[in-house]
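Working notes for the structure below.
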Amino acid sequence: MFSIGIPSGLALFVKMIFINIISLGIATLGPVYIAASNIMFIISAIILTIGGGFSSVTTVKISYLNAKKDFPSTLRFSLISLTFGTLITFILVAIFCLYASFIISLYTKDTFVIDIAVSITIFLFFFQLFDSIHSILSGILRGFHETKIVFYVPILGYWFVGIPLGFTLGLTDFITERMGITGFWYGLVLGLFTNCITLSMILNLKFKRKLKSNG
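Here it is in structure tokens:
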């Protein structure tokens, strides 16, 4: 229980620290910018319940199938969970993007905040998509009891890619002209993208080894 619960909890802690540090950076731009970002984070948290649900179910099912040494079913269920979880998230975020102004206006009537939030809608789209994929991939790996990987990979993506890149793009002209809030959201998205790519590569190696041992 502790071998699964503690690394999973620490992985969530790492993510929360990541988002809070990025939020502190955005706050230096002014109150309207952090207000816009906070609205997007709230909406993101609501949509992520789908990915989180798929992640939890996947962990339990993969763990069960792995214990039975039913590799074909393990692979099949992993693909189904990842496909449907991502598809449902895609549909929900696409709907949000279509009605972004209206949905954001439910949280604030400040037109400046609404305009800023709408301007980063495309970033929320990819942030949410990658967050869902990351969550489900983590669930699959937890099913294989690879809990330490689920903790260590986010440290790479969030703290060594997302935070440095977000602050560099958002507050400096080191790479390009200062991008402000857009730069910070680039950091958020690319941090999660790094996690997805890394976890996908690890999972691919895991399945190849399973395939070889079952062949």
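With numbering that gives the first Met the number 0 applied, the sequence shown closes on residue 214, and no number is skipped along the way.
Glycine residues also receive a C-beta, built at the ideal position from the N, C-alpha and C atoms.
Would you grab the beta carbon distance between residue i and residue j for me? Rounded to a whole angstrom, and I think it's under 8 angstroms.
i, j, result
"R10", "S131", "Inspection of the sequence shows that residue 10 is occupied by Ala rather than by Arg. Not a contact, Cβ separation roughly 15 angstroms."
"F129", "V188", "7 angstroms"
"N65", "G142", "6 angstroms"
"K209", "F70", "5 angstroms"
Which same chain residues end up closer than 7 angstroms to residue i when comparing Cβ atoms and leaving out the 5 residues on each side of it in sequence?
i, result
"H133", "L191, N194, C195 and L198"
"A116", "A35, I38, M39 and I103"
"F125", "V188"
"A72", "Residue 72 is actually Ser in this sequence, not Ala. Correct list, in chain order: L64."
"L28", "G179 and I180"
"L74", "F206"
"G50", "G84, T88, D130, S131, S134 and I135"
Is the Cβ-Cβ distance between residue i and residue j less than 8 angstroms?
i, j, result
"T167", "I174", "yes"
"Q127", "V152", "no"
"G179", "I21", "no"
"F17", "Y157", "yes"
"T146", "S55", "no"
"S43", "L123", "yes"
"I201", "I148", "yes"
"F111", "V31", "yes"
"G169", "F183", "yes"
Using C-beta distances below 6 angstroms, list every residue in its chain close to residue i, excluding the 5 sequence neighbours before and after it, in chain order.
i, result
"S77", "I139"
"T82", "none"
Take residue i and list the residues in its own chain whose beta-carbon comes closer than 8 angstroms to its own, dropping the five residues that flank it on each side.
i, result
"I258", "Here the chain comprises residues numbered 0 to 214, so residue 258 is not present and cannot be evaluated."
"S80", "F53, V56, T57, K60, I135, G138 and I139"
"I222", "Past the boundaries of the shown model lies residue 222; the chain is included only from 0 to 214, so the question cannot be answered."
"D109", "V31 and A34"
If you measure from the CB of residue i, is any heavy atom of the ligand GDP nearer than 7 angstroms?
i, result
"F129", "Of the ligands one can find in the structure shown there are none, so the ligand GDP has no counterpart to examine."
_Pairs of beta-carbons, one from the stretch 143–158 and one from the stretch 79–89, closer than 8 angstroms: are there three or more?_
Judged by pairs of C-beta atoms under 8 angstroms, the stretch 143–158 does not touch the stretch 79–89, as fewer than three such pairs exist.
_Entirely enclosed alpha helix (DSSP H) segments - the stretch 98–153, minimum 4 residues_ = Those alpha helix (DSSP H) runs which fall completely within the stretch 98–153 and span 4+ residues are 99–104, 110–118, 120–142 and 146–153.
*Note down, one range per segment and in chain order, each beta strand (DSSP E) of at least 3 residues found wholly within the stretch 160–206.*
Unbroken beta strand (DSSP E) stretches of 3 residues or longer found wholly inside the stretch 160–206: none.
*Pick out the complete alpha helix (DSSP H) segments inside the stretch 34–78, 4 residues or longer, and give them in chain order.*
Every candidate alpha helix (DSSP H) stretch fails here, since none sits fully inside the stretch 34–78 while reaching 4 residues.
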